[in-house]
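Chains L and G supply the protein sequences, listed in that same order. Just so it is clear: in the first sequence, position 61 is 214 by our numbering, and no numbers are missing. Just so it is clear: in the second sequence, position 108 is 261 by our numbering, and no numbers are missing. Idealized CB from N, CA, C, for every residue including glycine. Inspection log for the structure reproduced underneath, given as structure tokens.
2 protein chains.
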Amino acid sequence: MPRHREFDTDQALEAAIRTFQDKGYQGTSVSDLLDALGIQKGSLYKAWGSKRKLFLTALDRYFRQQQAGLKAALSESPKAALHQVFEYTVSRCVLDEGRGCLAVNSCVELAQLDEEIQRLSDEHVSVMVGAIAVAIQRGQRDGEFRTDVPAEVLADSLYTSIVGLLARGRSLIPQERLLAIGRLAVESLER
Amino acid sequence: MPRHREFDTDQALEAAIRTFQDKGYQGTSVSDLLDALGIQKGSLYKAWGSKRKLFLTALDRYFRQQQAGLKAALSESPKAALHQVFEYTVSRCVLDEGRGCLAVNSCVELAQLDEEIQRLSDEHVSVMVGAIAVAIQRGQRDGEFRTDVPAEVLADSLYTSIVGLLARGRSLIPQERLLAIGRLAVESLER
DNA sequence: TTGATTATTGACCGATCGGTTCCTAATCTA
DNA sequence: TAGATTAGGAACCGATCGGTCAATAATCAA
């Protein structure tokens with residue numbers, strides 16, 4: 154019986170992701186969002202209820218995308234897969250020109266201010282580290298990777314390097330440097 | 154001929170650092186600062202002129218403290234020194250309970266919004282990475298560290314891990330995990 | 001002690017913040 | 001086509017934002 158929504162929700166969420174990624178949650182005003190999504194205030198509040206709920210929806214979408222992307226990359230052979238993860242991370246740093254990663258940015262900005270975001274962020278990290286750990290375990294079974302350290306610890310360490318890259322990616326660093334860092338991180342798994 | 158300032162500037166700046174570290178620049182209101190510094194609005198604006206200038210002053214102070222702390226730690230033998238840097242980083246993560254690092258937090262929050270902060274932040278990173286590189290070079294000369302990769306690249310990689318730890322430290326991670334990550338990072342220099 | 005100078009205080013400023021409300025427009029069912 | 005329902009648009013809301021200012025208090029030199 155209703156009137157249809159005139160804007161595309163997925164498209165709007167992508168715009169919201171980019172905006173929040175750029176300016177942060179607190180740095181993004183509702184009016185910024187209206188410009189970015191190309192809609193009016195009433196529509197935004199009809200659709201999501203508040204700036205915070207829109208953010209949470211966008212963040213959840215981003216988490217899912219990241220998790221899906223990681224798992225896709227990890228379907229290859231472990232070593233190649235992990236190299237690809239870093240290359241992808243670096244290319245995001247460079248291509249997105251300082252936009253960084255919404256997950257990392259949000260965790261740094263908001264984990265201490267918003268318990269729910271901290272919880273969601275922790276969950277996301279668990280999934281990401283878990284997926285990396287599985288790949289490393291495969292690499293360990295294949296004899297490609299060292300076995301003197303548990304896969305979970307290696308995965309945690311690798312993920313920390315990725316977070317470091319993405320955080321440092323907020324100011325622009327030459328691509329070669331970033332790639333060298335990624336290469337070293339994966340190398341440190343070998344033996 | 155003048156009336157004296159009633160509050161201690163150094164003490165006030167320390168309070169400002171903690172507040173900005175906790176809540177971020179945008180998340181800290183002037184009224185938050187007044188509470189934290191225990192002064193009135195007029196005094197704040199007399200002393201620093203604006204919230205932004207107070208922030209820049211606090212950030213500069215923090216940078217100097219970090220740089221001095223790092224250089225002090227690096228006066229030991231290279232390997233022990235770098236281990237100590239990580240232990241110090243981890244203990245900060247744990248002791249400060251999610252406060253993280255003002256340098257990292259500010260870079261992630263503001264590098265894309267404020268060119269001057271990006272510039273200052275980049276300078277700080279250069280100093281930090283440079284100091285680590287010098288220590289690694291010493292370790293390389295002593296035969297403690299691998300020489301197949303330039304010290305600057307190793308230092309960059311190590312610093313990225315530190316940044317990753319500090320960023321992840323915004324949500325609380327068990328100390329043991331953090332320590333394991335730090336140990337692995339320094340180990341990867343050896344050979 | 002007086003006068004010049006600076007710090008502190010608290011009221012005040014316009015602008016913007018996130019959010020609400022109400023009216024109209026569009027779309028479906030019956 | 002009538003009526004129910006939802007979306008879009010714009011004016012409007014109180015609260016808070018960062019920042020200013022005039023009056024008062026304190027301190028020094030002369």
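Tell me, which residues are paired with residue i by DSSP?
i                 : result
Phe298 of chain G : G:Glu343
With distance defined between alpha-carbon atoms, name the residue in the options nearest to residue i.
i                 : options                                   : result
Phe173 of chain G : L:Leu227, L:Leu266 and L:Lys199           : L:Leu266
His236 of chain G : G:Arg294, G:Gln290, G:Leu311 and G:Glu167 : G:Leu311
Val243 of chain G : G:Arg330, G:Met154 and G:Ser341           : G:Arg330
Tyr215 of chain L : L:Gly253, L:Ser203 and L:Gly195           : L:Gly253
Ala189 of chain L : L:Gln179, L:Glu159, L:Asn258 and L:Ile170 : L:Ile170
Ala168 of chain L : L:His157, L:Glu343, L:Thr181 and L:Arg158 : L:Thr181
Lys232 of chain L : L:Val302, L:Ala286 and L:Thr313           : L:Ala286
Gln220 of chain G : G:Gln328, G:Leu325, G:Gly283 and G:Gly335 : G:Gly283
Val247 of chain G : G:Ile289, G:Leu318 and G:Leu166           : G:Leu318
Trp201 of chain G : G:Met154, G:Ser228 and G:Arg158           : G:Arg158
Leu307 of chain L : G:Leu263, G:Ala338, G:Glu229 and G:Gln328 : G:Ala338
Gly322 of chain L : G:Leu255, G:Ala264, G:Ser196 and G:Gly296 : G:Ala264
Glu229 of chain G : G:Ile289, G:Asp301, G:Glu343 and G:Gly335 : G:Ile289
Leu166 of chain L : L:Leu187, L:Arg291 and L:Gln179           : L:Leu187
Leu125 of chain L : L:Gly292, L:Asp163, L:Phe208 and L:Pro303 : Beyond the ends of chain L as shown, which are 154 and 344, falls residue 125 of chain L; an answer cannot be given.
Lys272 of chain G : L:Ile326, L:Leu212 and L:Thr210           : According to the sequence displayed, residue 272 of chain G carries Arg and not Lys. When each option's Cα is compared against that of Arg272 of chain G, the closest is L:Ile326.
Gln328 of chain L : L:Arg217, L:Phe239, L:Val278 and L:Ala225 : L:Phe239
Arg324 of chain L : G:Gly251, G:Val261 and G:Thr210           : At residue 324 of chain L the sequence reads Ser, which differs from the Arg that was named. With distances taken between Cα atoms, Ser324 of chain L lies closest to G:Val261.
Leu212 of chain G : G:Ala225, G:Val302 and G:Asp163           : G:Asp163
Tyr178 of chain L : L:Gly195, L:Leu209 and L:Leu197           : L:Leu209
Glu250 of chain G : G:Asp175, G:Asp161, G:Met154 and G:Gly191 : G:Asp175
Gly335 of chain G : L:Asp309, L:Gly296 and L:Ala225           : L:Asp309
Ala320 of chain L : G:Asp275, G:Asp161 and G:Ser196           : G:Asp275
At which residues does the alpha helix (DSSP H) containing residue i begin and terminate?
i                 : result
Gln219 of chain L : Lys204 to Ala226
Glu359 of chain G : Nothing can be reported for residue 359 of chain G: it is not among the residues displayed for chain G, which extend from 154 to 344.
Gln265 of chain L : Per DSSP, Gln265 of chain L belongs to no alpha helix (DSSP H) and is neither H nor E.
Leu197 of chain G : Lys194 to Trp201
Thr167 of chain G : Checking the sequence, you will find Glu at residue 167 of chain G rather than Thr. From DSSP, the alpha helix (DSSP H) with Glu167 of chain G extends over Thr162 to Lys176.
Ser417 of chain G : Only positions 154 to 344 of chain G appear in this structure, which leaves residue 417 of chain G out of reach.
* Residues in the region 162-176 of chain L having any Cβ partner in chain G nearer than 7 Å -> Asp175 and Lys176
* Asked: What residues from the region 257-268 of chain G come within 8 Å of chain L, judged by C-beta to C-beta, listed N to C?
  -> Val257, Asn258, Cys260, Val261, Glu262, Ala264, Gln265 and Leu266
* Asked: If you measure beta-carbon to beta-carbon, which residues of the region 280-307 of chain G are closer than 8 Å to chain L?
  -> Val302, Val306 and Leu307
* To do: Please name the residues in the region 215-248 of chain G whose beta-carbon is closer than 8 Å to at least one beta-carbon of chain L, in chain order.
  => none
* **Residues, ordered as in the chain, of the region 326-338 of chain G that lie near chain L by beta-carbon distance below 8 Å** => Arg330, Ala333, Ile334, Leu337 and Ala338
* Any residues in the region 310-321 of chain G with a beta carbon nearer than 9 Å to a beta carbon of chain L? Which ones, in chain order? -> Ser310, Tyr312, Thr313, Ser314, Ile315, Val316, Gly317, Leu318, Leu319, Ala320 and Arg321
* Asked: Mind listing which residues of the region 182-213 of chain G have their C-beta closer than 8 Å to chain L's C-betas, in chain order?
  -> none
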